[in-house]
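Engineer:
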Amino acid sequence: MKRFGNLFSSIVDTDNLLTAHLNARKGKSQYGEVQMVNRDPGYYIAEIQRMLISKTFTTSPYELKEIYEPKQRTIYKLPYYPDRIVQHAVMQVIQPIWDKIFIYDLYSAIPGKGLHAGSYRLRNFLKDVPNTQYCLKFDISKFYPSMNHDVLLSLIEKKIKCKDTLWLLEDVIRSTPGVPIGNYLSQYFGNIYMNEFDHWLKEDKGMRYYLRYCDDGVILHADKFLLQDLLIEIRDELKKLHLNLNPKTSIFPVDRCGVDFLGYRHYRRHTLLRKSSARNMIKRVNQIEVCGYKMDAKTVICSVMSMFGWLKHCNSYHLTSRYLTGNVRLCSIMERKSTEMGIVNPMRIL
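Numbering (the numbering used here), first residue to last: 395 to 744.
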């Protein structure tokens, strides 16, 4: 297996750090630290470069935040300067190394993929392969907090031999127990952590119709008993990685209840929005109907267009017409808010 060296000079290169700042600041122009770096990027990029070369850089203390949607999680937040810029600079150099060796059906933190790409791939499996009667859907319990630092670093060392790069990655990895949800590098570390497991399923076990997004995986097969035996082996393989399956992991007939994955419920001939997502959408629409005229225009427009973004990828005619395009009060609010922002009402275009 080829190992890569001399990566650190690319990470600390001025152009790479500047590009990292430009990428990290997207959608965050209102942040004070972003505005600070924007005022004199040459100075701050040079300071980051100095910290990295002298090895005085260390990951900053995290700000912790509890969120409860869709379930309770602890989010770890780092300062924009220097941490987020540094993590983007690292990603820009190491990502091409692993992207080439990940399985095709990995959809988290991969350029050009994502939730909807994974959903469409599953639809193709269900539509074009009618003998996939059963689904093994697994979920890894507390995936990021359970990731073992030594195991992760050993996997990274199989592809990277640059000692300075390994020093920097180890500093980020060991900055907190497990791998923190919220770090820019965390989702990619998750891909590296599960890469050998993915190849084991695809190649050693011959699971052609397998795809994964973060800690969620789906395997389709015609033989229920084969999947039951495979589930035992999966538990054993995950134990080697210090991971355990969530109790909701199950094997079920595809044609009876569809496959609930990546926000949608997938059937062979149609795809619906997940019930919990539909309930949340309706709740949000009701909130906008009651308070929308008093709400910030950008918040209202972004919320409504986000709903359209989800619904356009599934069979959602009735949901869309009842709660969005056919909702007279919502259309009136969107008209008012669009006028406030000086833009064309996007619901007219739709």
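Backbone N, C-alpha and C define an ideal beta-carbon position, used for all residues, glycine too.
Look up Cys529 in the DSSP assignment and give the residues it is bridged to.
Structural biologist: Answer by DSSP bridge pairing, in chain order: Leu614 and Phe646.
Engineer: Let me know the beta strand (DSSP E) ranges lying completely inside the region 544 to 617, each 3 residues or longer, listed in chain order.
Structural biologist: Listed in chain order, the complete beta strand (DSSP E) runs (minimum 3 residues) inside the region 544 to 617 are 604 to 607 and 610 to 615.
Engineer: Looking only at its own chain, which residues have a Cβ that is under 8 Å from the Cβ of Ser540, when we skip the five neighbours before and after it?
Structural biologist: Closer than 8 Å at Cβ, skipping near neighbours: Ile534, Gly572, His636, Leu637 and Asn638.
Engineer: Take Arg629 as the anchor and find which of Asp409, Arg419, Phe532 and Leu620 has the nearest alpha-carbon.
Structural biologist: Of Asp409, Arg419, Phe532 and Leu620, the residue nearest in Cα terms is Phe532.
Engineer: By Cβ distance below 6 Å, which residues in the same chain neighbour Leu401 in space, the five residues on each side in sequence not counted?
Structural biologist: Same-chain partners within the cutoff: Val487, Cys556 and Thr559.
Engineer: Quick one: residues in its chain with C-beta nearer than 6 Å to the C-beta of Val679, no 5 flanking neighbours on either side, listed in chain order?
Structural biologist: Hits under 6 Å: Tyr717.
Engineer: Which ranges does the alpha helix (DSSP H) cover as unbroken runs of at least 4 residues, wholly within the region 646 to 709, from first to last along the chain?
Structural biologist: Listed in chain order, they are 648 to 651, 669 to 685 and 691 to 705.
Engineer: Considering Cα atoms alone, identify which of Lys449, Leu458 and His415 is closest to Leu437.
Structural biologist: Here residue 437 is Tyr; the residue named in the question, Leu, does not match the sequence. Looking at the Cα atoms, His415 is the closest of the given residues.
Engineer: Whole angstroms are fine: how far does the CA of Pro647 sit from the CA of Lys471?
Structural biologist: If I take the Cα positions, the gap works out to 41 Å.
Engineer: Assuming Val428 contacts Lys422 under a Cβ cut-off of 8 Å, what Cβ separation, rounded to an integer in Å, is found between them?
Structural biologist: Right, their Cβ atoms sit about 5 Å apart.
Engineer: Please state whether DSSP places Leu458 in a helix, a strand or coil.
Structural biologist: Strand, per DSSP.
Engineer: Return the CA-CA distance between Val653 and Pro435, expressed in angstroms with no decimal places.
Structural biologist: Answer to the nearest angstrom: the Cα atoms are 48 Å apart.
Engineer: Output the distance between the C-alpha atoms of Asp623 and Val612, rounded to the nearest integer angstrom.
Structural biologist: Roughly 15 Å between the two C-alpha positions.
Engineer: So, is Gln443 buried or exposed, given that buried needs 16 or more other C-beta atoms within 10 angstroms?
Structural biologist: Burial call: buried.
Engineer: To the nearest angstrom, how far is it from the Cα of Met485 to the Cα of Thr413?
Structural biologist: If I take the Cα positions, the gap works out to 11 Å.
Engineer: Measuring alpha carbon to alpha carbon, tell me which of Gly703, Thr468 and Ile682 ends up nearest Glu460.
Structural biologist: When only C-alpha atoms are compared, the closest one is Thr468.
Engineer: Using the Cβ count rule (16 or more neighbours within 10 Å means buried), how would you classify Ser548?
Structural biologist: Under this definition Ser548 is an exposed residue.
Engineer: Run through DSSP, which three-state label would Lys396 get?
Structural biologist: In this structure, Lys396 counts as coil in the three-state DSSP scheme.
Engineer: How do the region 684 to 697 and the region 662 to 675 stand: do at least 3 beta-carbon pairs fall below 8 Å, yes or no?
Structural biologist: Contact between the region 684 to 697 and the region 662 to 675 is absent, because fewer than three Cβ pairs lie under 8 Å.
Engineer: Between which two residues does the alpha helix (DSSP H) harbouring Phe478 extend?
Structural biologist: As written in the sequence, residue 478 is Arg, which differs from the Phe given in the question. Where Arg478 is concerned, there is no enclosing alpha helix (DSSP H), given that its DSSP letter is neither H nor E.
Engineer: Pick helix, strand or coil for Ile737, following the three-state DSSP scheme.
Structural biologist: In the structure shown, Ile737 sits in coil (DSSP, three-state: anything other than H, G, I, E or B).
Engineer: If you draw a straight line from the C-alpha of Ala503 to the C-alpha of Gln581, how long is it?
Structural biologist: Ala503 and Gln581: Cα-Cα distance of roughly 6 Å.
Engineer: Please check the pair Gly703 and Tyr607, which I expect to be a contact at CB under 8 Å, by giving their CB distance rounded to whole angstroms.
Structural biologist: Actually they are not in contact, since the Cβ atoms of Gly703 and Tyr607 sit about 17 Å apart, beyond 8 Å.
Engineer: Which residues share a DSSP beta bridge with Arg467?
Structural biologist: Its beta-bridge partners are Ile461.
Engineer: Spatial neighbours of Asn542 within its chain, please: CB distance less than 8 Å, with the 5 preceding and 5 following residues excluded, ordered by chain position.
Structural biologist: For Asn542, where only same-chain residues beyond five positions count, the Cβ hits under 8 Å are Leu635 and His636.
Engineer: Going by DSSP, which residues form a beta bridge with Ile534?
Structural biologist: Per DSSP, Leu639.
Engineer: For Leu411, which of helix, strand or coil comes out of DSSP?
Structural biologist: In this structure, Leu411 counts as helix in the three-state DSSP scheme.
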